Amino acid sequence: IKGKAEPVRACRVLSPKEEPTKTHRLSGLRSELIGRKVEMSQLKEAAQRLLEGKGAIFYITGDAGTGKSRLIEEFKATLDLNRIQWREGHSYAYASNIPYFPLMDLLSRAWQIEDGDSQERLKQKIEAGITNLMGDGKDVIPFIGSLYSIKYPEVENISPEYWKMKLHKSIQLIVSALTRRAPAVICLEDLHWTDPSSIELLRTILLKFNYPALFLCVSRPQFSLFTSQQLSGIGKFYYEMRLQDLSPTEAQGMVESLLKTETIPVELRNFIQRKAEGNPFYLEEVINSLIETETLIEKDNTWVLTKPLTDTDIPSTIQGVISARLDRLEKETKRILQEASVIGRVFLYEILKKITELKEQIDRSLHGLERLDLIRTHTLDPDLEYIFKHALTQEVVYNGLLKKERQVIHEKIANVMEELFRERLPEFYETLAYHYKQGQSYLKAVDYLMKAGEKCYERYTIEESHQYYKEAFDILSNKTDRSKDEDILLIDLLIQWSYAYYFRADYGGLEDLLKRHETFVRSSGDDARLGMFLAWLGWTLNQREKSLDSHRYLSQALEIGERINNSKIIGYSSCWLTQNCLNLGLFDEALDCGRRAQEISEMMPSDRSLFRYAFFGMAMHHFYRGEKKGTAEYGRILLDYGEKHTEIRCTSSGHFVLGLGFQVAGDHDRAIECFKKMIQVSLEPFYQYTAKTMLGFNYVSAGKFHEAEPICEDVIKFTEEFGYEFMGSLAQAFMGIVTITKGDVARGINIVESLIQQHLENGSRWRYAMVNHMLGRVYSQIAQGGGGEKSLSFLLKNIGFLIKTVPFAAKKAEGYLHKAIDTAKEIGAKSVLGQAYLDLGKLHKAKGRLAEARTCISQAVQSFEECEADVYLKQARDALVSLG
């Protein structure tokens, strides 16, 4: 034989020989399922009802080691899988920010998708899987395929919101088709590690529960599947199992089951009662550890202890027991297990083999680890895949590695994945980002984190997008020796990250981020990036209701854009200046900026965001002036564009603008319907809370104070938390009016008066006029007796305020209404002007000053005619007729 100096005697193979190990354990001991009879009985009953076409949702929760996975495993073993389908999806710690990961895991298992599949093979499997399940799946395939980063023409030019909506619908159709084929158990494990987008979709599916399916949702206690309010709608389908530690009697029964005897050493029995605390996994690991160290041995068919048990013999935690077991593994086997732990709880044999230097020992080691019940074969087909028996085992093994060792292994894994999945890299951006971040190539980590952030944004998974940008930012910003290119990359990151902040309506966070980096960006010498940075900062300040500062920054951005002839900077800064100038009462400047933004947007048709901002700005110009017809026309343009391009943000904006058109005319009921539609179609906080604010205003204007109160409270709470004062201050003003109607007049008036002062200081002249009108109307009603008989409790509660106020209420009303009139006339806000004139005219009438009343109401009629505000116009004409 090559390599041997002497002949080697050949022997005939008679039988396999056991591989020697350092431990004396031949196989992992496993007990019967102890202490879970009630839970198992409930699941079996649910399975029987499932065969009768009745589904259910089970939420199974418990601390690590309490036997959640074991319960599921034992339950699955009782099912007739010829009659009941079993589908499962898993979440893992490393995948907690990968959008829709457990759902992709479920689909991949169902369609036997392998990580090593080519792009074409992957596409074939997805299309075949959907077609076999649904027949004609042409409306579903592009959206499920794009989940795996497969490109389809149908999804190339659609908005992220529309993609999300269609994806949710597609998943629901797949679940429905799956459950129509045969009764199905759908098991989702480790939901405490699940990404927010999957949770949102899962809740959507379960809250519309009408499937012949049994959903098993498994997690640790820190995760909540539903809110108490959500549960009220699905209570009859929902069951909750909270697995507790075993009782002392059950713990003893488990040990007896493990050892296959009722006769266990007294000292061991006492130890279990004193220290084990009933955690099944801990008990199992302790017994296995005692056997491996020969502290517990079987002698003459009886288990005996070879030495007295002390607290130092057995670690007090599950982690400690696992660590002790790992220390007894052979060096090569332990190393392979450590490398596997870096891949994750589930690991592909192919990846492990490529990264390990112990290629010749890998098969023997994995076989030995299976016999020790530390890992198990997860799937054989299509790819050989292993799983750590328990997540805690993987965590302990991983944490046992030195940081430097972990970094090297993560780096190897990332390099192998880049090569192995080179045809499908977008699908693995998040995983590659994770491994490079934990490895040594920080710039590669930043690259993949930013790609993952952009990918999530395009899929409208804003929270995950925000998190990936944050991780990339943490790496770059903490790097003290950044190069010039890395500085530029950081600026690009700040600009890209602003979109995620924007749609989260987190303007407080965005202002803080951008302000901290303003000096750095100004010193970069890159005008193109500085221009977009200042535009974002200016727009953010506008949303914080810092109007004057906003105008200064947006003007600087526009000047840079003009100087370097950068259409994008000019376009965006002009869009945002339009709205800023309107609030400042600079209507002519707003119109110039709006027209310019609209022209640039038409030259850049691929930039849908620019189109939306530009046309929305022009719509707002008509609204602030009080022009119903122009406002409505732009609302229809936005709706048409949204429908044509499946751009839900445009659709949301269209409903909003149409609502403003009805509002400016005084048709509050129709305005309310528009804002409700906007809330229904919107998918992000910015649009939802913008719509809620104006919904609250129209409820107040229509006298529906009870409906307005919870909406305004919700808006105020959200905007205070995230710094969206542009809408928050309006909601506070409306809440002030609600407070007055509830009987707390002084407090309500104080709220509104403080906002008047705030708008004056901010230079927000349009809001200053509007809120002055609101407060003038309140005082006018007080002066006229409040419009009806007041209750004794109301009078007693406000008697001090009323005594001091009523004699001067008319004068105060006139003062506030004249401020509204003067400001509205100065800036050209015709609707506010007309409303203020109308209320002032009614006050004059009540005080017997008919000539003044006629003059004011006639002015109101003129303003409403110019606005084409039909509802307000009718009210004004009726008031004029009433004067005789």
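Okay, so the sequence shown: first residue is 162 according to the working numbering, each after it adds one.
All C-beta atoms in this analysis are idealised placements derived from N, C-alpha and C, irrespective of residue type, glycine included.
In this text, all values refer to a predicted model and were calculated from it rather than measured experimentally.
| task | Counting only the same chain and skipping the five closest in sequence on each side, list residues whose C-beta sits under 7 Å from that of L545. | result | Y510
| Unbroken beta strand (DSSP E) run spanning Y621, endpoints | No beta strand (DSSP E) holds Y621; DSSP gives it neither H nor E.
| query | For the segment 463–488, which segments carrying the alpha helix (DSSP H) assignment without a break, of at least 4 residues, lie completely within its bounds, in sequence order? | reply | 479–488
| said: If you reduce the DSSP assignment to three classes, tell me which class K299 lands in. | reply: coil
| DSSP puts K670 in a beta bridge; with which residues? | A quick correction: the sequence has Gly, not Lys, at residue 670. DSSP lists no partner for G670.
| message | Closer than 8 Å is the cut-off here; do at least three beta carbon pairs connect the segment 274–283 with the segment 314–322? | response | no
| query | Per DSSP, what kind of secondary structure is S230 in: helix, strand or coil? | reply | helix
| Bridge partners - T538, DSSP secondary structure assignment | Y547
| task | Look at the alpha carbon of G889 and the alpha carbon of W737, and state the distance between them as a whole number of angstroms. | result | 19 Å
| Would the segment 394–410 and the segment 244–263 be scored as touching if the rule is three or more Cβ pairs under 8 Å? | no
| message | For the alpha helix (DSSP H) containing G699, name the first residue and the last one. | response | Annotation for G699: the continuous alpha helix (DSSP H) segment containing it runs 688–704.
| field | Beta-carbon contacts of H678 that lie in its chain and below 7 Å, excluding the five residues immediately before and after | value | L655
| Inside the segment 250–298 only - alpha helix (DSSP H) runs reaching at least 4 residues | 262–271, 280–295
| said: Which residue wins for smallest C-alpha separation from E579, given the options R567, L264, S526, K515? | reply: K515
| query | Can we say the segment 911–921 touches the segment 868–883, given the rule of at least three CB pairs closer than 8 Å? | reply | no
| query | Starting from F219 and walking both ways along the beta strand (DSSP E), at which residues does that stretch end? | reply | DSSP places F219 in the uninterrupted beta strand (DSSP E) bounded by 217–223.
| Mapping DSSP to helix, strand and coil, what is Q849? | Note: Q849 maps to helix in three-state DSSP.
| task | Rank R532, R435, L204 by C-alpha distance to the C-alpha of E401 and give the top, closest one. | result | L204
| query | Counting pairs of Cβ atoms below 8 Å between the segment 559–570 and the segment 451–470, do you hit three or more? | reply | no
| task | For R567, I'd like the list of residues in its chain whose CB is within less than 8 Å of its CB, leaving aside the five on either flank, ordered along the chain. | result | Apart from the 5 residues on each side of it in sequence, R567 sits with its Cβ closer than 8 Å to the Cβ of V503, Y559, Q599 in its chain, given in chain order.
| task | Excluding the 5 residues preceding and the 5 following K339 in the sequence, name in chain order all residues of the same chain whose CB lies nearer than 6 Å to its CB. | result | According to the sequence displayed, residue 339 carries Leu and not Lys. Here the set comprises A345.
| query | Taking the alpha-carbon positions, what's the T388 to R381 distance? | reply | 16 Å
| message | At the level of alpha carbons, what is the spacing between K986 and I731? | response | Going from the Cα of K986 to the Cα of I731 covers about 31 Å.
| field | First through last residue of the beta strand (DSSP E) which encompasses K397 | value | In the DSSP annotation of this structure, K397 is not part of any beta strand (DSSP E), being labelled neither H nor E.
| Beta-carbon gap between L916 and V932 smaller than 8 Å | yes
| Between H329 and the rest of its own chain, which residues show a CB-CB distance below 8 Å, the 5 nearest in sequence each way excluded? | L362, T365
| said: Taking 8 Å as the threshold (C-beta atoms), are V465 and I458 in contact? | reply: When the beta-carbon positions are compared, I458 and V465 come within less than 8 Å of each other.
| said: Residues in the same chain with beta-carbon distance under 7 Å from L308, minus the five sequence neighbours each way, listed in chain order, please. | reply: Y261, M265, L328
| Alpha carbon to alpha carbon, how far is R831 from G820? | 7 Å
| task | Kindly list the residues whose CB is nearer than 6 Å to the CB of K958, restricted to its own chain and excluding five residues on each side of it in sequence; keep chain order. | result | With a pLDDT of 47 at K958, under the threshold of 50, the predicted position of this residue should be treated as unreliable, and no value is reported.
| Can you name, in chain order, every residue of its own chain whose Cβ lies under 8 Å from the Cβ of L771, other than the five neighbours on each side? | K729, G732, Y733, C736, A758, I761, S762, M765
| query | Should H712 go down as buried or exposed, given a rule of 16 or more other Cβ atoms within 10 Å for buried? | reply | It counts as buried.
| request: Classify V876 as buried or exposed, calling it buried when 16 or more other Cβ atoms lie within 10 Å of its own Cβ. | output: buried
| field | Under the three-state DSSP convention, the category F895 falls into | value | Of the three classes helix, strand and coil, the one that applies to F895 here is helix, per DSSP.
| request: Pick helix, strand or coil for L519, following the three-state DSSP scheme. | output: coil
| task | Please state whether DSSP places S380 in a helix, a strand or coil. | result | Assignment of S380 by DSSP, reduced to helix, strand and coil, places it in the strand class.
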